[in-house]
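> Counting in this note's numbering, the sequence shown runs from 15 upward without gaps. The structure is given below, and queries will be raised subsequently.
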Amino acid sequence: MIRFDSDHQRWVDHEAEVLRAQRHTESARQQRQVLKGTFAVLAVCGLAFGTWALGWKDEPAPLPESRPEATPTISQAPSSPPAEDPSTDTDDEPVASESGARPGYSVKEDPEGFQVAVPDGWDRRTEGREAGSKVVFYEEPGRSRQLQIFWVEDADPYASLELAEKNAEKNKDYERKALDQLDSGDGSAAARLEYTYDSDEHGGTRHVIDHRFEAEDGELYAIVAYGQTEGGTAEQEKELLDTALTYFCPSGAECTDVASGSP
15 MIRFDSDHQR WVDHEAEVLR AQRHTESARQ QRQVLKGTFA VLAVCGLAFG
65 TWALGWKDEP APLPESRPEA TPTISQAPSS PPAEDPSTDT DDEPVASESG
115 ARPGYSVKED PEGFQVAVPD GWDRRTEGRE AGSKVVFYEE PGRSRQLQIF
165 WVEDADPYAS LELAEKNAEK NKDYERKALD QLDSGDGSAA ARLEYTYDSD
215 EHGGTRHVID HRFEAEDGEL YAIVAYGQTE GGTAEQEKEL LDTALTYFCP
265 SGAECTDVAS GSP
């Protein structure tokens, strides 16, 4: 239908105008729906991002890497002297002490942790033990006379010597000379075993004095003197042992009489 549009001062097709208005309305509606969908997507994305950001911010820091605890070790020592003439290992050389000793002897600061007096010119060697402790030997050339020193695990010197004697009795022609509990005078424990036996390796009778005692550090030690009865006397081993005992002092302990250097 054709009609005159007084507002625009023109003739128009009324049906065409109605159709065009409907199309415009439908297009506008579709655009609004698209915009709503777009806003919804953006809102969801914004919410997700905010949640992730907050979660990342509140995430706990990683725990520090744990360190393994140190395992303490326990040292042990032999309860009886080792077999005669054992295999040796290398070790640091002892240091001569400034303290004097009787003529023919030198005071040594031994790497195993003690001071002791030994005859001049004697060699030093060691034998390793299972728990890392070592037996120290000072020997004259040819090994006919020896001084043996080691830490004692047992709690009582006399009981320790009773166990040591069971091993010594296995030697050929073993003969005990004495086994005594000694009075040290200062309240510390001490005991001494003296015996002889026949040694094929040394070609004669060996004379042994095994002295076990409590030192100034509260630990038990053994000093053993070995010698030959042929060409010597029992007094030589006694002098060797007593001189070593006079100057013996564990490292770090206060041994006033020893420090003075008077035998």
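For each residue, glycine too, the CB sits at the ideal point set by N, CA and C. All of these numbers come straight from a predicted model, not from anything done at the bench.
Could you check which residue in 213, 249, 138 and 165 has the C-alpha nearest to that of residue 155?
For the purposes of this step, residue 155 is identified with residue 141 of the sequence shown, where counting begins at 1. It is 138 whose Cα lies nearest to the Cα of residue 155.
> Taking the straight line between their C-alpha atoms, what separation do you get for residue 210 and residue 185?
For the purposes of this step, residue 210 is identified with residue 196 of the sequence shown, where counting begins at 1. For the purposes of this step, residue 185 is identified with residue 171 of the sequence shown, where counting begins at 1. Taking the straight line from one Cα to the other gives about 9 Å.
> Terminal residues of the continuous beta strand (DSSP E) containing residue 204?
As a working note, residue 204 is residue 190 in the sequence shown. From DSSP, the beta strand (DSSP E) with residue 204 extends over 203-213.
> Of the choices 178, 149, 153 and 248, whose alpha-carbon is the least far from that of residue 207?
In the sequence shown, residue 207 corresponds to position 193, counting from 1. Cα-wise, what sits closest to residue 207 is 178.
> Please classify residue 197 as buried or exposed, where buried requires at least 16 neighbouring CB atoms within 10 angstroms.
Against the sequence shown, residue 197 aligns to sequence position 183. Flag for residue 197 reads exposed.
> Our contact map puts residue 149 next to residue 162 with C-beta atoms below 8 Å; I'd like the distance itself, whole angstroms only.
Locating residue 149 in the sequence shown gives position 135, where the first residue counts as 1. Locating residue 162 in the sequence shown gives position 148, where the first residue counts as 1. Their Cβ separation, rounded to whole angstroms, is 6 Å, which keeps residue 149 and residue 162 in contact under 8 Å.
> Compute the Euclidean distance between the alpha carbons of residue 262 and residue 166, then round it to the nearest angstrom.
Locating residue 262 in the sequence shown gives position 248, counting from the first residue. Locating residue 166 in the sequence shown gives position 152, counting from the first residue. The alpha-carbon atoms of residue 262 and residue 166 are separated by roughly 15 Å.
> Since residue 171 and residue 227 are thought to touch, with beta carbons under 8 Å apart, how far apart are those beta carbons, to the nearest angstrom?
To locate residue 171, count along the sequence shown from 1; it is residue 157. To locate residue 227, count along the sequence shown from 1; it is residue 213. Right, their Cβ atoms sit about 6 Å apart.
> Extract the residue ranges of the beta strand (DSSP E) inside the stretch 127-159, only unbroken runs of 3 or more that lie entirely within it.
The qualifying runs are 128-133, 137-142 and 148-153.
> Looking at the structure shown, is residue 188 part of a helix, part of a strand, or coil, going by DSSP?
Against the sequence shown, residue 188 aligns to sequence position 174. If DSSP states are grouped into helix, strand and coil, residue 188 belongs with coil.
> State the Cα-Cα distance for the pair residue 225 and residue 146, rounded to the nearest angstrom.
Taking the first residue of the sequence shown as position 1, residue 225 is located at position 211. Taking the first residue of the sequence shown as position 1, residue 146 is located at position 132. Those two C-alpha atoms are separated by around 23 Å.
> From which residue to which residue does the beta strand (DSSP E) around residue 124 run?
Walking along the sequence shown from the start, residue 124 turns up at place 110. Run containing residue 124: 119-124, per the beta strand (DSSP E) assignment.
> Counting along the chain, where does the alpha helix (DSSP H) carrying residue 281 start and finish?
Nothing can be reported for residue 281, as the shown portion of the chain is limited to 15 through 277.
> Should residue 55 be labelled buried (16 or more other beta-carbon atoms within 10 Å of its own) or exposed?
In the sequence shown, the residue the question calls residue 55 occupies position 41. Reliability of the predicted coordinates at residue 55 is poor, the pLDDT of 46 falling under 50, and no value is obtained from them.
> DSSP puts residue 250 in a beta bridge; with which residues?
Locating residue 250 in the sequence shown gives position 236, counting from the first residue. Partner(s): none; residue 250 has no beta bridge.
> Look up residue 225 in the DSSP assignment and give the residues it is bridged to.
Taking the sequence shown and counting its residues from 1, the one referred to as residue 225 is at position 211. Answer is 206 and 237, bridged to residue 225.
> Which value, in whole angstroms, describes the spacing of the CA atoms of residue 88 and residue 144?
For the purposes of this step, residue 88 is identified with residue 74 of the sequence shown, where counting begins at 1. For the purposes of this step, residue 144 is identified with residue 130 of the sequence shown, where counting begins at 1. Note on residue 88: pLDDT 29, under 50, position unreliable in the model; the coordinate value appears next. Roughly 12 Å separates the two Cα atoms.
> Report the option in 115, 254 and 235 whose CA atom is closest to the CA atom of residue 168.
Reading the sequence shown from its first residue, position 154 is the one you call residue 168. If we check each option's Cα against that of residue 168, 235 comes out closest.
> Would you mind sorting residue 204 into buried or exposed? The rule is 16 or more other CB atoms within 10 Å of its CB.
In the sequence shown, the residue the question calls residue 204 occupies position 190. Buried, because 16 or more other Cβ atoms sit within 10 Å of the Cβ of residue 204.
> Roughly how many whole angstroms lie between the Cα atoms of residue 153 and residue 267?
In the sequence shown, residue 153 corresponds to position 139, counting from 1. In the sequence shown, residue 267 corresponds to position 253, counting from 1. Answer to the nearest angstrom: the Cα atoms are 26 Å apart.
> Return the residue from the list 194, 187, 160 and 188 that minimises the CA-CA distance to residue 176.
What you label residue 176 is simply residue 162 of the sequence shown in a count that begins at 1. Selected option, being the one with the closest Cα: 194.
> Determine the burial state of residue 180: buried for a count of at least 16 other Cβ atoms within 10 Å of its Cβ, exposed for fewer.
As a working note, residue 180 is residue 166 in the sequence shown. Residue 180 is exposed by the Cβ-count criterion.
> Out of 200, 244 and 243, point me to the one whose CA is closest to residue 229's CA.
Here residue 229 is taken as the residue at index 215 of the sequence shown, counted from 1. Among 200, 244 and 243, the Cα nearest to that of residue 229 belongs to 200.
> At the level of alpha carbons, what is the spacing between residue 243 and residue 269?
To locate residue 243, count along the sequence shown from 1; it is residue 229. To locate residue 269, count along the sequence shown from 1; it is residue 255. The alpha-carbon atoms of residue 243 and residue 269 are separated by roughly 34 Å.
> Among the candidates 151, 220 and 213, whose CA atom is the shortest distance from the CA of residue 191?
As a working note, residue 191 is residue 177 in the sequence shown. Nearest of 151, 220 and 213 to residue 191, Cα basis: 220.
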